[in-house]
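Data block below; observations after.
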């Protein structure tokens, strides 16, 4: 253990910004939730209506947790934050532990430190302490914040300190994961799967008979029944789990060689499959993780929106602000709400399109492109492979978020025709999304050093979407956002004109970017 | 001295390679690389300033220069990654910028710092690069993987620097090409693998193909190359066969003697330092024999001699001239 103190101080210093952002984000999640719930539901009648619609909605329960005391501010807050707060604390713990243990070991820096007069367990212990402290600070700040907001103190501390204990469990499981594989990425993968499985187990348990919820740390956290008859004994389960996982990690650490994992690295294929041996094949191979991740995530996001069904009214309440935000068009409340939701899904999907369009720049920066272009692969064909992945990936991501939306709606209402009506309009946003990726393409072709600015148009589109009418931005300024030109189907009628026009702009930008790239130096 | 360089670099293009009997053939007819007066600027920086370079078939050409002299920039222009500002650049008689893809079927390139995709295995990268070049020789691939002791099932992120370099070398050597462009190819290889590499390069040359090998290590170039171009500040300052450049090499000598000897004033001896019975000096290769005889007169106890480093060579030969000739 010699050297643990020194390491702890160094790690805290190196992590100070990272810790600040994670903890601010965590506290922000809880405070934003309590504030928005408070704003959304003005009267007890609003709470009763919301509770009635949410309690009967299996999709909501699977997403958030067992419905308890949803007719109160505290109950709503706990219900909406526990699962996501636990995931956030889990991810924070995972990255804090991983970056000081396995990542350092893989890079070889840890070897340098080990050669100094430090104990075998020093780095691991210091990393563990950083995560333990971070979770403690996060939990305490959440407790104090909610108490200060006016919620009952014991339950606020139950929510905050329960979060701390849950974070500690995931610290332990992450520490185990770091012992398993030699590669940091796979170790993060294992630790991430533990968090995901905890979430899914409690989701199935919560909509079923509840047994599986008792197999998940997130289930234990929610079993504390904050703001609905608080009980402290499930904390013992969390602490026990944390101690058990951490002990297991130390046992494994003792039994493995430095630099290796308990599981031997799995050898990959010695020869390339036929599909890999082309520019398009390589582009797909490099981007498929992103495409699949985004498509899956957007499917779930669509599912979440769709699962609201027709209960829009009770959900968003009577407040004018929330109506302005969630229903930005004419027509009836439900189709107006879905028209806006579809727009939101589309704007989020633009995140995929832009990051996909910037992937070629990454290939250029880390020297892969130089090697590729020294082969008989023409520049234009190389870039076209990435363009194809961006375009088809965008269609897939939007298509799946539409499918999720339709499926969620269908499951809740059982109305197939209406489900189709809310599902398909997502795809009309392929054009605006590709305009943003086309702008990124132009940046790549003309100003490769400034490609990070390709995110600015997305930020602008978000601002226009959220605040355009609220701040009464002039219409010409709003019209700069490509999303503003499409009718908000299903609240408004579909029209071919704008769809084709915006798609043409997207194609033009993409081609311009590709042509510019063919003419410039590659660095 | 400067006029001497100009003479050499001019004659380099018209003079055939000297080592293995290609005399009398016209280089321009089937030249592999032919660069004349190449200029490339980045903003206000003149990275290449009228560079000339000629490489013919069956020739291993050393491209020698200190870091930042413009070696990599030249290679990047040659690969069609950078667009030339002025001058003539011919690769297999074609324009490397407009005909990049078709010309690249005939060459393989190994960068100095090989960066592999972290999630592709070495075997996949070899097949990908060779496949994009237009196919590879399966048997030769297997033999090379064996010779370089490479594990092709490891992922890119798990390879050491030397092993990443081996992946790129196998991909290059297993392809059916006429030109190898190697940018400091052995910086990560251990001596044993360096020997394997040198054997492969020799075999490649003996099949009648050309190699452009950039390096800042004089010894490596001496071992492998038939002809050498020395680049400094974006310009080739010397070009010719190694024998032509012999006048450049001095030998550093350090000796411990039984009794002091007087070496002062001996022809070809430079930078003499005498500390009692210990002497250090540099001597022109042509004057090595008289200098050693003088040492033997003092009774030699220990003797070490080594070729000068490239940096010493540059400082000595080109330092001042280049500074003053720059605008």
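Protein chains in written order, with the numbering used here: chain S, 135 to 657; chain A, 2 to 328. The C-beta atom is built at its ideal place from N, Cα and C for all residues, glycine as well. The structure presented is a predicted model; accordingly, all values stated were derived computationally and were not measured.
task: Find out if the Cβ-Cβ distance for the pair residue 214 of chain A, residue 105 of chain A is shorter than 8 angstroms.
output: As a working mapping, residue 214 of chain A is identified with position 213 in the second chain. As a working mapping, residue 105 of chain A is identified with position 104 in the second chain. Not closer than 8 angstroms, so no.
message: So, at 8 angstroms on beta carbons, what are the nonlocal neighbours of residue 430 of chain S in its own chain, with the 5 sequence-adjacent residues on each side left out?
response: On the first chain, position 296 is the one that residue 430 of chain S refers to. Within the same chain, and ignoring the five residues on either side of residue 430 of chain S in sequence, the residues whose Cβ sits closer than 8 angstroms to its Cβ are 534.
- prompt: So is residue 234 of chain S in contact with chain A if we call contact Cβ pairs under 8 angstroms?
  reply: Along the first chain, read from residue 1 onward, the residue named residue 234 of chain S stands at position 100. No, residue 234 of chain S lies away from the interface with chain A (no Cβ there is under 8 angstroms from its Cβ).
- prompt: Using Cβ-Cβ distances below 8 angstroms, what residues of the region 194 to 205 of chain S are close to chain A?
  reply: Within the region 194 to 205 of chain S, no residue has a Cβ that lies closer than 8 angstroms to any Cβ of chain A.
query: Are any of the Cβ atoms in chain S nearer than 8 angstroms to that of residue 186 of chain A?
result: Mapped onto the second chain, residue 186 of chain A falls at position 185. At a cut-off of 8 angstroms between beta carbons, residue 186 of chain A makes no contact with chain S.
message: For a minimum of 4 consecutive residues, which ranges assigned as the alpha helix (DSSP H) are wholly contained in the region 480 to 563 of chain S?
response: Annotation: the region 480 to 563 of chain S contains the following complete segments of the alpha helix (DSSP H) (minimum length 4 residues), in chain order: 502 to 507, 513 to 547, 550 to 557.
Contacts of residue 156 of chain A in chain S (Cβ-Cβ under 7 angstroms): Your numbering for residue 156 of chain A matches position 155 in the second chain. Correct list: 402.
message: Tell me which residues share the same chain as residue 471 of chain S and place their Cβ nearer than 8 angstroms to its Cβ, disregarding the 5 neighbours each side in the sequence.
response: In the first chain, residue 471 of chain S corresponds to position 337, counting from 1. Same-chain partners within the cutoff: 442, 446, 450, 460, 461.
- prompt: Do residue 284 of chain A and residue 262 of chain A have their C-beta atoms closer together than 8 angstroms?
  reply: Taking the first residue of the second chain as position 1, residue 284 of chain A is located at position 283. Taking the first residue of the second chain as position 1, residue 262 of chain A is located at position 261. No.
task: Rounded to whole angstroms, what's the CA-CA distance from residue 297 of chain S to residue 171 of chain S? Just pull it up for me.
output: Taking the first chain and counting its residues from 1, one reaches residue 297 of chain S at position 163. Taking the first chain and counting its residues from 1, one reaches residue 171 of chain S at position 37. Rounded to the nearest angstrom, the two C-alpha atoms are 20 angstroms apart.
- prompt: Applying the criterion that 16 or more other CB atoms from any shown protein chain within 10 Å of the CB defines a buried residue, is residue 500 of chain S buried or exposed?
  reply: As a first step, residue 500 of chain S must be located in the first chain, where it is residue number 366. Using a 10 angstroms sphere on the CB of residue 500 of chain S, the tally of other CB atoms stays under 16, which defines it as exposed.
- request: Flag this pair as yes or no: are the beta carbons of residue 265 of chain S and residue 373 of chain S separated by less than 8 angstroms?
  value: Start at 1 with the first residue of the first chain, and residue 265 of chain S comes out as number 131. Start at 1 with the first residue of the first chain, and residue 373 of chain S comes out as number 239. Residue 265 of chain S places its beta carbon 8 angstroms or farther from that of residue 373 of chain S.
query: For residue 670 of chain S, which three-state DSSP category applies?
result: Nothing can be reported for residue 670 of chain S, as the shown portion of chain S is limited to 135 through 657.
Limits of the unbroken beta strand (DSSP E) element including residue 256 of chain A: Along the second chain, one-based indexing puts residue 256 of chain A at 255. Run containing residue 256 of chain A: 251 to 258, per the beta strand (DSSP E) assignment.
- prompt: Given that residue 243 of chain S touches chain A, what residues does it touch there, using C-beta distances under 8 angstroms?
  reply: Position 109 of the first chain, counted from the start, is the residue given in the question as residue 243 of chain S. Contact note: residue 243 of chain S does not reach chain A at a C-beta cutoff of 8 angstroms; the least C-beta distance is about 15 angstroms.
- request: Classify residue 177 of chain S as buried or exposed, calling it buried when 16 or more other Cβ atoms lie within 10 Å of its own Cβ.
  value: Position 43 of the first chain holds residue 177 of chain S. Classification for residue 177 of chain S: exposed.
- prompt: Closest to residue 232 of chain S by CA distance: which of S:262, S:621, S:216 is it?
  reply: For the purposes of this step, residue 232 of chain S is taken as the residue at position 98 of the first chain. Nearest to residue 232 of chain S by C-alpha distance, out of S:262, S:621, S:216, is S:262.
message: Please list, in chain order, the chain A residues whose beta carbon lies closer than 8 angstroms to that of residue 627 of chain S.
response: Locating residue 627 of chain S in the first chain gives position 493, counting from the first residue. None at all; the shortest Cβ gap to chain A is about 46 angstroms.
Residue-level contact to chain A via CB, residue 317 of chain S, 8 angstroms cutoff: Numbered from 1 along the first chain, position 183 holds the residue referred to as residue 317 of chain S. Yes, because at least one Cβ of chain A sits closer than 8 angstroms to the Cβ of residue 317 of chain S.
field: Residues of the region 519 to 539 of chain S whose Cβ lies closer than 9 angstroms to any Cβ of chain A, in chain order
entry: For chain A, none of the residues of the region 519 to 539 of chain S brings a beta carbon within less than 9 angstroms of one of its beta carbons.
- request: Go ahead and label residue 153 of chain S buried or exposed: buried means 16 or more other beta carbons lie within 10 angstroms of its beta carbon, across all protein chains shown.
  value: Position 19 of the first chain holds residue 153 of chain S. Buried, by the Cβ-count rule.
- prompt: Can the beta-carbon of residue 313 of chain S be found less than 8 angstroms from the beta-carbon of residue 386 of chain S?
  reply: Counting from one through the first chain, the residue named residue 313 of chain S turns up at place 179. Counting from one through the first chain, the residue named residue 386 of chain S turns up at place 252. Against a cut-off of 8 angstroms, the Cβ pair of residue 386 of chain S and residue 313 of chain S comes out as a contact.
task: Just tell me which of A:107, A:281, A:288 has its CA closest to the CA of residue 510 of chain S.
output: Counting from 1 along the first chain, the entry for residue 510 of chain S is found at position 376. Among A:107, A:281, A:288, the Cα nearest to that of residue 510 of chain S belongs to A:107.
message: Using a Cβ-Cβ cutoff of 8 angstroms, what residues of the region 254 to 284 of chain A are near chain S? List them in chain order.
response: Flagged: no residues at all.
- prompt: Closest by CA to residue 578 of chain S, which one among S:494, S:286, S:248, S:289?
  reply: Counting from one through the first chain, the residue named residue 578 of chain S turns up at place 444. Of the candidates S:494, S:286, S:248, S:289, the one whose C-alpha sits nearest the C-alpha of residue 578 of chain S is S:494.
message: Against chain A, which members of the region 323 to 350 of chain S pass a CB distance test of less than 9 angstroms?
response: Listed by position along the chain: nothing, the set is empty.
message: Suppose the cutoff is 6 angstroms on Cβ atoms and the five residues either side in sequence are ignored; what does the same chain contact list for residue 306 of chain S look like?
response: Working through the first chain from its first residue, we reach residue 306 of chain S at position 172. Result list for residue 306 of chain S: 376, 379, 380, in chain order.
- request: Tell me where the beta strand (DSSP E) around residue 210 of chain A begins and ends.
  value: The count along the second chain starts at 1 and reaches residue 210 of chain A at position 209. In this chain, residue 210 of chain A is not harboured by any beta strand (DSSP E), its DSSP state being neither H nor E.
field: Beta-carbon proximity of residue 622 of chain S to residue 474 of chain S, cut-off 8 angstroms
entry: Counting from 1 along the first chain, the entry for residue 622 of chain S is found at position 488. Counting from 1 along the first chain, the entry for residue 474 of chain S is found at position 340. Result yes, Cβ atoms of residue 622 of chain S and residue 474 of chain S sit closer than 8 angstroms.
- request: Taking the CB atoms as reference points, tell me whether residue 566 of chain S and residue 608 of chain S lie closer together than 8 angstroms.
  value: Here residue 566 of chain S corresponds to residue number 432 of the first chain, with the count starting at 1. Here residue 608 of chain S corresponds to residue number 474 of the first chain, with the count starting at 1. With contacts defined as CB atoms closer than 8 angstroms, residue 566 of chain S and residue 608 of chain S fail to qualify as a contacting pair.
field: Candidates A:235, A:233, A:228: closest to residue 242 of chain A by CA position
entry: Mapped onto the second chain, residue 242 of chain A falls at position 241. For residue 242 of chain A, the nearest C-alpha among the options comes from A:228.
message: Just checking: is the beta-carbon of residue 159 of chain A within a distance shorter than 8 angstroms of some beta-carbon in chain S?
response: Residue 159 of chain A sits at position 158 when you count from the first residue of the second chain. Taking Cβ atoms only, chain S reaches closer than 8 angstroms to residue 159 of chain A, which makes this a yes.
Residue(s) in a DSSP beta bridge with residue 216 of chain A: As a working mapping, residue 216 of chain A is identified with position 215 in the second chain. DSSP lists A:65 as the beta-bridge partner residues of residue 216 of chain A.
message: Within the continuous beta strand (DSSP E) that includes residue 110 of chain A, where are the two ends?
response: Here residue 110 of chain A corresponds to residue number 109 of the second chain, with the count starting at 1. Counting along the chain, the unbroken beta strand (DSSP E) around residue 110 of chain A starts and ends at 108 to 111.
field: Proximal chain S residues relative to residue 105 of chain A, where beta-carbon distance stays under 7 angstroms
entry: Position 104 of the second chain, counted from the first residue, corresponds to residue 105 of chain A. Those within 7 angstroms of residue 105 of chain A in chain S are 508, 509, 510.
Supposed close pair residue 227 of chain S, residue 301 of chain S - CB separation, criterion 8 angstroms: As a working mapping, residue 227 of chain S is identified with position 93 in the first chain. As a working mapping, residue 301 of chain S is identified with position 167 in the first chain. The Cβ separation is near 5 angstroms, so the contact holds.
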